[in-house]
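First residue of the sequence shown? That's 215 in my numbering, and the numbers climb one at a time after it. Glycine residues also receive a C-beta, built at the ideal position from the N, C-alpha and C atoms. Here is the structure we will look at.
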Amino acid sequence: MEIKEITEIDVHKEELSSLFQSIVAEGASMNYLHPMSKETALSYWDTVLSEQVRLFIGLLDGQIAGTIQLHYSDKENGRHRAEIAKLMTSTKARRKGVARKLIQHAEQAAKADGKTLLLLDTEKEGPANLLYQSEGYVLFGEVPDFAQDAFGTFLAGNFYYKLLK
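What follows is the structure, given as structure tokens:
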């Protein structure tokens, strides 16, 4: 698998939008409700890249197999930290180590940028918990009814951190 950083969204926007729509259609809690229109998905990717956000994609056989984002804090006293966001893996690429490779790559990028603390949240009952725990993330809290899944059901959220040293 090849991982690359996206600094220009237009080349990949259609494929990223299709991936996002399919993830939401499966019920993933990604801040959007099902059905996610193509226009909504395209619009989302138009606003992702900024000075505080780095976007990485994982490619398998030339196709986008997954994505991950690093959101850097813009707070003066928080420039040492970043948030892992929008870790998505296409259904065809699941159980092939794509998510693990993406998170490891994002950690290395954050470390290279001088970040020493990573934060993330995920659905309490979601499969990503096992991945994050196996990668050394520490559960520090749970919030009931934190977010809705794609179909409107309220779900508890788990919150994790990892110190990069």
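Below 8 Å between beta carbons: does that hold for residue i and residue j?
i	j	result
residue 306	residue 259	no
residue 331	residue 295	yes
residue 284	residue 242	no
residue 369	residue 337	yes
residue 255	residue 248	no
Since residue i is in the beta strand (DSSP E), which residue starts that stretch and which ends it?
i	result
residue 258	Residue 258 -> not in any beta strand (DSSP E); alpha helix (DSSP H) instead, spanning 252-260.
residue 285	277-286
With a 10 Å radius around its C-beta and 16 neighbouring C-beta atoms as the bar for buried, classify residue i as buried or exposed.
i	result
residue 300	buried
residue 266	exposed
residue 234	buried
residue 328	exposed
residue 304	buried
residue 291	exposed
residue 230	buried
residue 261	exposed
The alpha helix (DSSP H) with residue i in it runs from where to where?
i	result
residue 312	312-326
residue 223	Here residue 223 belongs to no alpha helix (DSSP H), and DSSP marks it neither H nor E.
residue 346	342-348
Across which residues does DSSP place residue i in a beta bridge pair?
i	result
residue 373	335, 355
residue 303	280
residue 267	264, 285
residue 297	285, 333
residue 368	362
residue 272	217, 280
Handout entry: Stretch-stretch touch, CB-based, cutoff 8 Å, three pairs: the stretch 356-368 with the stretch 267-282
Key = no
Practice task
Evaluate contact between the stretch 337-355 and the stretch 309-324, counting only Cβ atoms and requiring at least three cross-stretch pairs below 8 Å.
Solution key: yes
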